[in-house]
Amino acid sequence: MCQTIENMKNTIKSAVLILTLTALPGIDANAQEKSSAAKSNTEIQAVHFNTTKVDGLNIFYREAGPKDAPVVLLLHGYPTSSHMYRNLIPILSKKYRVIAPDLPGFGYSDAPDHTQFAYTFDNLAKTMQGFIDQLGLKRFAIYVFDYGAPTGFRLALANPEKITGIISQNGNAYEEGLSSEWNPIQKYWKEPTQANRDALNIFVSKEVTQFQYFHGVADKSLIAPETYILDQHFLDRLGNIEIQLDLVKDYRTNVALYPKFQEYFRTKKPMILAVWGDKDPYFLPAGAKAYKKDNPNAEVKFYDTGHFALETHVNEIGNDILKFLAKLPK
Numbered sequence: 000m001c002q003t004i005e006n007m008k009n010t011i012k013s014a015v016l017i018l019t020l021t022a023l024p025g026i027d028a029n030a031q032e033k034s035s036a037a038k039s040n041t042e043i044q045a046v047h048f049n050t051t052k053v054d055g056l057n058i059f060y061r062e063a064g065p066k067d068a069p070v071v072l073l074l075h076g077y078p079t080s081s082h083m084y085r086n087l088i089p090i091l092s093k094k095y096r097v098i099a100p101d102l103p104g105f106g107y108s109d110a111p112d113h114t115q116f117a118y119t120f121d122n123l124a125k126t127m128q129g130f131i132d133q134l135g136l137k138r139f140a141i142y143v144f145d146y147g148a149p150t151g152f153r154l155a156l157a158n159p160e161k162i163t164g165i166i167s168q169n170g171n172a173y174e175e176g177l178s179s180e181w182n183p184i185q186k187y188w189k190e191p192t193q194a195n196r197d198a199l200n201i202f203v204s205k206e207v208t209q210f211q212y213f214h215g216v217a218d219k220s221l222i223a224p225e226t227y228i229l230d231q232h233f234l235d236r237l238g239n240i241e242i243q244l245d246l247v248k249d250y251r252t253n254v255a256l257y258p259k260f261q262e263y264f265r266t267k268k269p270m271i272l273a274v275w276g277d278k279d280p281y282f283l284p285a286g287a288k289a290y291k292k293d294n295p296n297a298e299v300k301f302y303d304t305g306h307f308a309l310e311t312h313v314n315e316i317g318n319d320i321l322k323f324l325a326k327l328p329k
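If you're matching positions, the sequence shown starts at 0 in numbering that gives the first Met the number 0 and goes up one per residue.
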């Protein structure tokens, strides 16, 4: 009986010793690394809301993710702000440092009167150049959407060595991507009269803002009301209609630059992923497919949704982006 009890004690001691050893540093390091990696890939990174001064303007931006991780710069479009990336940032920031600024005239960034600041895409790109310089961004991938595309592509032309890859979400660079919704805008480009400008006032109305969110969306209950309500709040600020009409007029310079953008795709061959809501009323699927003309290795993916594809397909798009980013040079 005593011998049996003694054997049991020895067995318990051995078990405790084994458990202690496996918990020590260096013991089964591979398993510990896997556990740590799994934890870091599932932890939600805190989003920080910051402002920095660029050329006298306060530029608001959201930032999340490890400071030493590869950078992804998210550039929003019309009529929104970095708020459009609120659901994508947590997906990407588990592995990447994600930075999403508000362009001048949008969101929480300064919106000086159009008589005090030139609202052109050259100037938006100039401000974003100052922004990336201010933050010391040496290498980064860019996600461009709508107005963010001509802004981001200007940055790429000026800083080809900084760009690790391009994600274009309904960000157009080809004339075949422009739908008939652009007809009244193109009329204003050709005949920039006050009457043609006034005819575009509806462009900043709440009806058109909601149209951009709901058109092409099968399940409209997926569209959060704060999206179009917040966008309209900023659009309705005093003097903002003139800001937006100045940018609408200047969009013609983007079309004029399409050949240069395409030459960049063709000669520099950046890795490109086009993720596209195929029912976008403004930017047609042909604009996504066209990327492959100048860069045959471009990846093109379509989703059954409209202009603001992240509102309905953020998980699918986020996963496709993560797969793409994993292939980029560091």
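Idealized CB from N, CA, C, for every residue including glycine.
Beta carbon of residue i nearer than 8 Å to that of residue j
i	j	result
residue 146	residue 77	yes
residue 120	residue 150	yes
residue 201	residue 213	no
residue 75	residue 144	yes
residue 243	residue 203	yes
residue 303	residue 279	no
residue 97	residue 64	yes
residue 148	residue 167	yes
residue 90	residue 238	no
residue 73	residue 313	no
residue 93	residue 42	yes
residue 273	residue 254	no
residue 275	residue 233	no
residue 231	residue 205	yes
CA nearest to the CA of residue i, picked from the options
i	options	result
residue 266	274, 64, 294, 278	294
residue 183	199, 177, 173	199
residue 57	73, 129, 44	129
residue 123	96, 213, 276, 105	105
residue 335	168, 201, 158, 99	Residue 335 lies beyond the residue range present for the chain, which begins at 0 and ends at 329; the question has no answer from this structure.
residue 60	185, 50, 303, 54	50
residue 83	307, 256, 315, 118	307
residue 197	67, 248, 226	248
residue 250	108, 177, 115, 112	177
residue 269	205, 85, 162, 329	162
residue 289	240, 55, 171, 126	171
residue 66	118, 108, 110, 44	44
residue 311	241, 283, 219, 205	219
residue 85	109, 48, 55	48
residue 329	284, 132, 215, 160	160
residue 55	191, 133, 192, 62	133
residue 240	46, 296, 111, 169	111
residue 131	62, 107, 229	62
residue 173	327, 322, 283	283
Enclosing alpha helix (DSSP H) for residue i [first to last residue]
i	result
residue 207	205-213
residue 148	147-157
residue 194	193-197
residue 255	239-267
residue 225	224-234
residue 124	120-134
residue 88	88-91
residue 293	290-293
Bridge partner(s) assigned by DSSP for residue i
i	result
residue 366	Because the chain here runs from 0 to 329, residue 366 falls outside it and cannot be looked at.
residue 61	48, 99
residue 178	BP columns for residue 178 are empty, so no partner.
residue 140	71, 164
residue 276	302
residue 282	177
residue 271	165
residue 221	For residue 221, which the question treats as bridged, DSSP gives no partner whatsoever.
residue 53	56
Where the beta strand (DSSP E) containing residue i begins and where it ends
i	result
residue 302	298-302
residue 320	That residue, residue 320, is in no beta strand (DSSP E); its alpha helix (DSSP H) goes 309-324.
Contact with chain D by residue i, beta-carbon distance below 8 Å
i	result
residue 184	Protein chains in the displayed structure number just one, and chain D is not present.
Closer than 7 Å: residue i CB and nearest the ligand GDP heavy atom
i	result
residue 170	As presented, the structure is devoid of all ligands, the ligand GDP included, so that no description of it is given.
Distance between beta carbons of residue j and residue i, contact taken as under 8 Å
i	j	result
residue 324	residue 71	7 Å
residue 291	residue 156	About 20 Å; that fails the 8 Å criterion.
residue 320	residue 165	Contact flag wrong, Cβ pair sits at about 11 Å.
residue 227	residue 209	5 Å
residue 286	residue 175	6 Å
residue 180	residue 281	5 Å
residue 113	residue 245	5 Å
residue 116	residue 103	7 Å
residue 53	residue 126	6 Å
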